[in-house]
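Only one structure is covered here, and it is reproduced in the block below.
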Amino acid sequence: MKRILVTGGLGFIGSHTVVELQNEGFEVVIIDNLSNTTIDVLDNITSITGKKPEFHQIDLRIKNDVTSFFDNNSVDGVIHFAAYKAVGESVQKPLDYYENNIGTLVYLLQEMKNRGLDNFIFSSSCTVYGQADELPITENAATKPAESPYGNTKQIGEEIIKDSCKAYNLNAIALRYFNPIGGHESIKIGELPLGVPQNLIPFITQTAVGIRKELSVFGNDYPTKDGTAVRDYIHVVDLAKAHIAALKRLIDRNNKSTFEFFNIGTGTGSSVLEVIKSFEKVSGTKLNYKIVERREGDVTAAYADTTIANKELNWRTEKTLDETIDSAWKWQLKQKS
Ligand code: WQD
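As structure tokens, this is what we get:
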């Protein structure tokens, strides 16, 4: 049975990917420092799959701890989620983002190189494109100066991996996520933002249950269908399954170069107002929101051309926007408010 290290495996996307890995018969070992999640997620994963993943509470910024993990553990692949991911927050705290998102990546790759380990899947982001010139965004769209330090850490991360694959015979795939949202059908795992949510969907659902007073819509003067910014909202389980497809591609040596990257989205763009409308439809509740000024670091529109991912990974999304938002709503209703 192949053993896979999942860093950030108790986080939002990580936990859903651990479930899909176990469903596919992989043995999973998780590293997480619990900075943006809780240990309960480990039991919740176990209650879904019936298999408890091995767990190590390690902060990947501490190089010695990363080394000692690999002194005692061999793995057949690594899926690296552990990182900070809020576009807006990264503008306020750039050094935290560079330390956490770049430093940990270098330590992980050094350990893999030193021990001849292979098969690295990187959690990248559509933010590497900045504001793309053409929509939908294809993989050969130019990566543009990132509009936020978060996006910059993903661009730099991909460059580090590309150079490492070339120099050290490593095989890696970067998955450029669009906007992951929603939760597992079991309603046992989902998005657990600690503190005030940075992202749209958890802010919407927390507003609807009264935890937040009202949603601020960041700008309605964008050159889009209704003036609000457009994103490609993908169900987190569809996203998790893309990781399995990418990992199998590397393990089976079907990759066509040592470093590949794929856009992982639905291929459809939805505006903030369209998301609100979808939420009000699936929840049957009216959302309290107001329009305010734009948020620094935001782009006007980003949605994926998924042709290459569909073909090369033999993967495509299965969930509609309504189903995806409904899964986020069901998850919220289950939380203690
Ligand atoms: C979505 C839209 C906001 C909050 C995310 C992840 C990032 C990356 C890309 C994976 C924007 C608007 C938001 C609010 C609002 N994904 N908004 N009011 O910025 O696209 O980035 O996807 O790597 O990690 O963070 O997502 O949910 O913050 O914003 O109007 O209270 O909703 O302006 O148009 P974003 P988001």
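Under this note's numbering, think of the first position of the sequence shown as 227, with each following residue one higher. We treat Cβ as the ideally placed atom computed from N, Cα and C, and that holds for glycine.
According to the DSSP secondary-structure assignment, S261 is paired through a beta bridge with no residue. For P406, the shortest C-beta to heavy atom distance toward ligand 1 is below 7 Å. In the structure shown, the three-state DSSP call for I517 is strand. DSSP lists I399 as the bridge partner or partners of E486. Distances from the CA of V304 to each of Y333, Q381 and D458 were compared; the closest alpha carbon is that of Y333. For G303, the pairing in a beta bridge is given by DSSP as I230. Distances from the CB of D552 to the heavy atoms of ligand 1 are all 7 Å or more. For F281, the enclosing beta strand (DSSP E) covers residues E280 to Q283. A residue is called buried once 16 or more other Cβ atoms fall within 10 Å of its Cβ, and V422, having fewer, is exposed.
Secondary structure in the segment 389-450: the beta strand (DSSP E) runs of 3 residues or longer, each lying completely within the stretch, are 398-403, 405-407 and 441-444 in chain order.
In the displayed model, S374 falls within coil according to three-state DSSP, outside both helix and strand. Look at D464: its beta carbon is at least 7 Å from all of the heavy atoms in ligand 1. If you draw a 10 Å sphere on the C-beta of T264, you find fewer than 16 other C-beta atoms in it, and that means exposed. For S496, the closest C-alpha among the options N405, F488 and P419 is that of N405. A distance below 7 Å between beta-carbons, with the five flanking residues on each side excluded, links H410 to the following residues of its chain, in chain order: H242, V245, I274, G416 and V463. Residue pairing of F348 in beta bridges, as defined by DSSP: H306 and A400.
Straight-line measurement puts the Cα of L361 at about 32 Å from the Cα of G329. Sequence-distant partners of I502 (beyond 5 residues in either direction) whose C-beta falls short of 6 Å from its own C-beta, in its chain, are L513.
The beta-carbon separation of T550 and A455, rounded to 18 Å, does not stay under the 8 Å limit for a contact.
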